[in-house]
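Undergrad:
Residue numbers (the numbering used here): 5 to 150.
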């Protein structure tokens, strides 16, 4: 291990950091991004103070990587298409819609140009209902008091 890191110069850290950032472009995890930034910071520190031992370099890199990854996971929530995929129905909570159809599968309410399955109360065609929740792609509705 000593032979591997003993001759590490600042530009080795910079290349490692850029390589990790490039890997991040293909991984889409934000994990390698923060490790890459940590490696670049160690490279800059080594450029400014070339007498840092390889053990200290590894400790700084490890510490910075762990701290930046933790802070990024905690404060920088990454929204992807996968996390928003099944939340389309939840956008309708609180809205009022009209019951358009009744059949064996339940009721369907008119939402814009489409019909959505609805459940939750006794409904009649033409009745207005308020969406109070979702169950997958089914809207959970309640009667609007008159």
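Glycine residues also receive a C-beta, built at the ideal position from the N, C-alpha and C atoms.
Taking all protein chains shown into account, decide if residue 51 is buried (16 or more other Cβ within 10 angstroms of its Cβ) or exposed.
TA: With fewer than 16 other Cβ atoms within 10 Å, it is exposed.
Undergrad: Please list, in chain order, all residues of the same chain as residue 64 whose beta carbon is under 7 angstroms from its beta carbon, the five residues on each side excluded.
TA: Around residue 64: 46 and 49.
Undergrad: Helix, strand or coil: how does DSSP classify residue 32 here?
TA: Residue 32 falls in the coil class under three-state DSSP.
Undergrad: Could you round the C-beta distance between residue 112 and residue 142 to whole angstroms and report it? I think they count as a contact, below 8 angstroms.
TA: That pair is no contact at about 10 angstroms.
Undergrad: Looking only at C-alpha atoms, which of 18, 57 and 59 sits nearest to residue 39?
TA: Among 18, 57 and 59, the Cα nearest to that of residue 39 belongs to 18.
Undergrad: Do you know how far the Cα of residue 32 is from the Cα of residue 74?
TA: Distance between the alpha carbons of residue 74 and residue 32 is about 17 angstroms.
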